[in-house]
Amino acid sequence: LYRVPGSTKPNTTQSKRVHPEYNNLPHDNDMALLHLSSPVTFTNYIRPVCLAAEGSTFNSDT
1 LYRVPGSTKP NTTQSKRVHP EYNNLPHDND MALLHLSSPV TFTNYIRPVC
51 LAAEGSTFNS DT
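Mapping of the sequence shown onto full-length UniProt numbering: position 29 corresponds to residue 29, and the numbering continues sequentially without gaps.
Structure representation (structure tokens):
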């Protein structure tokens, strides 16, 4: 990740839920949901993430 000057906006996290099977090495299940304290305005730099459909499979080397 990197920062583009003028593209960051401060916000605080109200709560977080980390995947129950998260493993720091090799980063298996590195996913969390964040409940932010205030709404986010989407920009060219702040966008929603797309989640895979249930049952999707992926190569292990991606």
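Just so it is clear, CB atoms sit at the ideal spot from N, CA and C, and this is done for glycine as well.
Here the alpha carbon of TYR45 sits roughly 19 Å from the alpha carbon of LEU33. For THR13, DSSP records a beta bridge to LEU36.
In the DSSP assignment, ASP28 forms a beta bridge with ASN23.
As the crow flies, the alpha-carbon of ARG3 is around 17 Å from that of THR41. Taking 8 Å as the cut-off, the Cβ atoms of ASN11 and GLU21 do not count as close.
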